[in-house]
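**Student:** Next up is a structure, given as structure tokens.
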């Protein structure tokens with residue numbers, strides 16, 4: 000079953016991260032890489048992506064005269080997605096265990112775990 | 004360049020969606036299917052996923068002995084990711100045009116919902132040639 | 010390039026033959042788009058059958074024969090479907106004798122294909138995809154994998170590119186010498202983009218991806234063989250070799266980026282540097298100095314220095330001044346500022362950057378902040394440097410770049 004593990008942050012949180020000491024930043028990167036390698040070896044890894052910070056984000060709402068209407072304003076406190084992992088695991092518990100490991104590597108920030116909706120018809 | 008187009012909503016938005024009429028739901032699903040098809044036909048499609056309901060969402064932290072601690076309580080105002088598309092396009096403008104189209108998916112009452120679609124570049128493993 | 014998972018022993022052979030086969034079939038049937046599909050099918054047949062049957066004695070003839078059969082089959086069903094329209098009936102005459110078209114293989118065909126696949130009517134990513142397939146002989150899956158998109162998406166991109174070419178009415182023949190001069194920059198640009206894609210994504214080997222940088226070098230070599238007197242083609246090949254030479258040194262054990270001034274130069278490939286320098290010297294002797302020759306010359310000056318302290322910055326500065334005249338761009342101005350800083354001091358470099366503050370093309374580009382941060386650090390203004398490193402880190406869409414910039418800021422903040 001596929002789960003997506005979402006890591007989010009706020010502007011303040013990200014600025015705090017940028018101010019970490021060099022060794023801590025490097026250690027964090029190394030641990031995350033280790034996790035990706037382990038997940039690849041265990042064949043649970045599907046994908047991971049990092050997203051550009053919200054300064055590069057635009058919110059698009061429909062079109063006016065054929066031109067998209069965009070808006071790039073994000074309130075200070077708004078939580079935004081930093082990145083995610085997609086894993087293919089037999090059950091939710093395994094997904095939580097992986098999320099826990101990512102969280103532990105990332106000052107215990109909470110990792111949101113969501114299952115993918117499938118197109119299969121489910122019996123109700 | 005790869006971009007992610009994200010659709011999100013509050014718990015109340017999801018609950019509202021669940022109460023749409025059958026016709027409205029079908030129209031929305033049909034639009035999404037056509038939209039993904041268009042992305043594939045124009046050679047920009049990378050991936051798309053819909054996410055499970057917020058009621059199934061869990062927040063996970065590591066507990067004292069490394070065991071995961073899960074928690075299903077979220078603030079009412081929290082925006083949950085409902086789904087996303089990842090596309091590979093020549094320019095940000097092309098990404099915004101595609102997002103504008105996604106934004107026009109029909110909503111309740113069959114009218115274009117004009118949903119806000121967040122567009123962000125996806126980070127790559129490239130490093131600049133530079134000097 | 011060793012132990013690549015896609016490297017069957019005859020794969021190199023297939024890729025060399027692909028454009029020759031395509032040229033022969035496209036010329037014969039006067040239909041580039043369908044010929045390209047037919048050749049793809051012939052390649053797939055080779056992949057499937059050669060491991061069992063062995064490589065045929067005349068591999069090119071084998072591929073041409075299989076491709077022609079596919080074309081004939083396709084046309085026969087077209088005819089049956091269209092029920093004898095006049096134009097189609099004329100085609101049927103052609104089918105009567107499937108010719109010995111082995112003799113039709115024309116060395117110019119690869120050049121024709123290159124010009125066709127890099128036609129200015131195509132977007133850069135379409136041209137890149139089509140060139141890699143039709144001229145490079147890569148499979149759709151290999152190209153898709155190299156660009157991290159699904160195979161179906163890449164197949165569609167290639168299909169649409171061929172459709173665009175068909176609609177443009179471009180004939181299967183070499184452009185006139187005058188047209189060639191006009192169209193060659195587009196070809197070189199596509200080859201450069203392929204190299205750039207391969208080189209910049211070669212950080213981190215955990216993803217087994219097709220080596221596009223090597224492929225670009227191979228294609229450019231072939232182009233140089235076809236246009237031996239062209240100084241810009243030689244310049245481009247030199248630039249690729251002189252850059253590729255540093256590939257091993259540019260990333261560390263944790264996939265971190267190592268900038269030029271910190272690289273272990275003993276890891277640079279001296280053979281590539283030597284070949285690149287020779288090519289460059291020969292090209293420069295031809296007189297007219299173009300964009301790629303200048304960039305290659307700058308790379309050569311860097312590569313000549315045994316230690317970073319030996320770098321001949323005044324020469325690099327002079328070359329950037331030339332480049333600013335020949336091919337001005339914000340990136341050139343940025344690099345020129347760095348060189349100026351090395352020769353005249355960081356304050357001078359910072360002064361030159363101010364000209365870029367009002368350039369809309371660079372408005373939110375991370376490199377402006379990255380370079381500014383680097384120069385501010387050299388002037389001792391650490392606070393400002395940290396600020397700009399952080400802004401650059403937030404703006405870049407490259408993970409290795411972001412990690413590098415963040416660690417620079419953290420390093421300064423820790424002092």
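Chains as they are written, first to last, in the working numbering: chain A, 0 to 123; chain B, 4 to 134; chain C, 10 to 424. Glycine included, each C-beta is placed from N, C-alpha and C at the ideal position.
Per DSSP, what kind of secondary structure is residue 332/C in: helix, strand or coil?
**Tutor:** In the third chain, the residue the question calls residue 332/C occupies position 323. It is helical.
**Student:** Per DSSP, what kind of secondary structure is residue 22/B in: helix, strand or coil?
**Tutor:** Sequence index remark: in the second chain, residue 22/B carries index 19 (1-based). Correct three-state label for residue 22/B: coil.
**Student:** Rounded to the nearest angstrom, what separates residue 46/A and residue 319/C at their Cα positions?
**Tutor:** Along the first chain, one-based indexing puts residue 46/A at 47. Along the third chain, one-based indexing puts residue 319/C at 310. Taking the straight line joining both Cα atoms gives about 44 angstroms.
**Student:** Answer yes or no: do residue 127/B and residue 407/C have a C-beta to C-beta separation smaller than 9 angstroms?
**Tutor:** Translated into the one-based positions of the second chain, residue 127/B becomes position 124. Translated into the one-based positions of the third chain, residue 407/C becomes position 398. In contact: residue 127/B and residue 407/C (Cβ atoms closer than 9 angstroms).
**Student:** Cβ of residue 28/A less than 9 angstroms from any chain B Cβ?
**Tutor:** Along the first chain, one-based indexing puts residue 28/A at 29. Output row for residue 28/A: interface = no.
**Student:** Taking CB distances under 9 angstroms as the criterion, tell me whether residue 221/C reaches chain B.
**Tutor:** Stepping through the third chain from its first residue, residue 221/C is reached at position 212. No, residue 221/C does not count as interfacial toward chain B.
**Student:** Does the segment 33-44 of chain A come within contact of the segment 101-109 of chain B, defined as at least 3 CB pairs closer than 8 angstroms?
**Tutor:** Short answer: they don't touch.
**Student:** In terms of DSSP beta bridges, what is residue 411/C paired with?
**Tutor:** The residue you call residue 411/C lines up with position 402 of the third chain. In the DSSP output, where bridge partners are listed per residue, residue 411/C has none listed.
**Student:** Considering only residues of the same chain and omitting the five flanking positions on each side of residue 249/C, which have a CB-CB separation below 7 angstroms?
**Tutor:** As a first step, residue 249/C must be located in the third chain, where it is residue number 240. Within the same chain, residue 249/C has close Cβ partners 204, 225, 226, 229.
**Student:** Just list the alpha helix (DSSP H) runs in the segment 257-315 of chain C, keeping only unbroken ones of 4 residues or longer that don't cross its boundaries, in chain order.
**Tutor:** Counting only runs of 4 or more, we get 279-293, 300-313.
**Student:** Below 9 angstroms between beta carbons: does that hold for residue 254/C and residue 207/C?
**Tutor:** To locate residue 254/C, count along the third chain from 1; it is residue 245. To locate residue 207/C, count along the third chain from 1; it is residue 198. Their beta carbons are not under 9 angstroms apart, which means residue 254/C does not touch residue 207/C by this criterion.
**Student:** Going by C-alpha to C-alpha distance, which of 341/C, 154/C, 180/C, 384/C sits closest to residue 358/C?
**Tutor:** Here residue 358/C refers to the residue found at position 349 when the third chain is read from its first residue. Nearest option by C-alpha distance: 384/C.
**Student:** Rank 4/A, 19/A, 5/A by C-alpha distance to the C-alpha of residue 11/A and give the top, closest one.
**Tutor:** The sequence position of residue 11/A within the first chain is 12, counting from 1. Selected option, being the one with the closest Cα: 19/A.
**Student:** Just list the residues that DSSP pairs residue 125/A with in beta bridges.
**Tutor:** Only positions 0 to 123 of chain A appear in the structure, and residue 125/A is not among them; the question remains open.
**Student:** Mind listing, in chain order, the continuous beta strand (DSSP E) runs of no fewer than 3 residues lying wholly within the segment 97-122 of chain B?
**Tutor:** The qualifying runs do not exist here; there are none.
**Student:** Once you ignore the five residues that flank residue 52/C on each side, which residues in its own chain have a CB closer than 8 angstroms to its CB?
**Tutor:** For the purposes of this step, residue 52/C is identified with residue 43 of the third chain, where counting begins at 1. Cβ within range, chain order: 23, 27, 72, 146, 148.
**Student:** Do you know whose CA, among 32/B, 5/B, 13/B, lies nearest residue 79/B's CA?
**Tutor:** On the second chain, position 76 is the one that residue 79/B refers to. Ranking the options by Cα distance to residue 79/B, first place goes to 13/B.
**Student:** At what residue ranges does the segment 142-229 of chain C contain a whole run of the alpha helix (DSSP H), taking only runs of 4 or more?
**Tutor:** Fully enclosed alpha helix (DSSP H) runs of 4 or longer: 149-156, 160-177, 186-209.
**Student:** Using a C-beta to C-beta distance shorter than 9 angstroms, which residues of chain B count as neighbours of residue 10/A?
**Tutor:** For the purposes of this step, residue 10/A is identified with residue 11 of the first chain, where counting begins at 1. Those do not exist, as residue 10/A stays about 14 angstroms from chain B at its closest Cβ, beyond 9 angstroms.
**Student:** Examine chain B for any beta-carbon lying closer than 9 angstroms to the beta-carbon of residue 69/A, and answer yes or no.
**Tutor:** Residue numbering aside, residue 69/A sits at position 70 when the first chain is read from its first letter. Judged by the 9 angstroms Cβ criterion, residue 69/A is in contact with chain B.
**Student:** What first and last residue would you give for the alpha helix (DSSP H) that runs through residue 71/A?
**Tutor:** For the purposes of this step, residue 71/A is taken as the residue at position 72 of the first chain. Run containing residue 71/A: none; DSSP gives neither H nor E here.
**Student:** Using only alpha-carbon positions, find the residue among 80/A, 4/A, 0/A that is nearest to residue 124/B.
**Tutor:** The count along the second chain starts at 1 and reaches residue 124/B at position 121. Of the listed residues, the one whose Cα sits closest to residue 124/B is 80/A.
**Student:** How about residue 156/C: is its C-beta nearer than 9 angstroms to some C-beta of chain E?
**Tutor:** Although the question refers to chain E, the structure presented lacks it and instead comprises the protein chains A, B and C.
**Student:** Along the chain, where does the alpha helix (DSSP H) containing residue 123/C start, and where does it finish?
**Tutor:** The count along the third chain starts at 1 and reaches residue 123/C at position 114. Looking at the DSSP string, the run of the alpha helix (DSSP H) that includes residue 123/C is 118-126.
**Student:** Which residues of the segment 397-419 of chain C have a Cβ closer than 7 angstroms to any Cβ of chain A? Give them in chain order.
**Tutor:** From the segment 397-419 of chain C, only 399, 402, 403, 404, 406, 408, 412, 415, 416, 418, 419 have a Cβ closer than 7 angstroms to chain A.
**Student:** From 246/C, 259/C, 240/C, pick the residue whose C-alpha is nearest to that of residue 223/C; which is it?
**Tutor:** Reading the third chain from its first residue, position 214 is the one you call residue 223/C. The option with the nearest alpha carbon to residue 223/C is 246/C.
**Student:** Using Cβ-Cβ distances below 9 angstroms, what residues of the segment 25-56 of chain B are close to chain C?
**Tutor:** Against chain C - using a Cβ distance shorter than 9 angstroms - the residues of the segment 25-56 of chain B are 42, 43, 44, 45, 46, 47, 48, 49, 50.
**Student:** By DSSP, does residue 79/B sit in helix, in strand, or in coil?
**Tutor:** Walking along the second chain from the start, residue 79/B turns up at place 76. In the structure shown, residue 79/B sits in coil (DSSP, three-state: anything other than H, G, I, E or B).
**Student:** Closest Cβ-Cβ distance between residue 59/A and chain C: below 9 angstroms?
**Tutor:** To locate residue 59/A, count along the first chain from 1; it is residue 60. Chain C, which has no Cβ nearer than 9 angstroms to the Cβ of residue 59/A, makes this no.
**Student:** Under three-state DSSP, which class holds residue 127/B?
**Tutor:** By 1-based counting over the second chain, the position of residue 127/B is 124. Correct three-state label for residue 127/B: strand.
**Student:** Please classify residue 105/A as buried or exposed, where buried requires at least 16 other C-beta atoms within 10 Å of its C-beta.
**Tutor:** Taking the first chain and counting its residues from 1, the one referred to as residue 105/A is at position 106. By the neighbour-count rule (16 or more Cβ atoms within 10 Å), residue 105/A is buried.
**Student:** Taking only beta-carbon positions, decide if residue 49/A is within less than 9 angstroms of chain C.
**Tutor:** Locating residue 49/A in the first chain gives position 50, counting from the first residue. At least one chain C Cβ lies under 9 angstroms of residue 49/A.
**Student:** Leaving aside the five residues before and after residue 8/C along the sequence, list all residues of the same chain whose C-beta is less than 6 angstroms from its C-beta, in chain order.
**Tutor:** This structure cannot speak to residue 8/C, because chain C is shown only from 10 to 424.
**Student:** Taking DSSP as the reference, what is the three-state secondary structure of residue 86/C?
**Tutor:** As a working mapping, residue 86/C is identified with position 77 in the third chain. DSSP places residue 86/C in helix when its eight states are reduced to three.
**Student:** Which residues of the segment 161-177 of chain C have a Cβ closer than 9 angstroms to any Cβ of chain A? Give them in chain order.
**Tutor:** Residues: none.
**Student:** Would a check of beta-carbon distances place residue 99/B closer than 9 angstroms to chain A?
**Tutor:** Residue mapping note: residue 99/B aligns to position 96 of the second chain, counting from 1. Chain A contact via Cβ: present.
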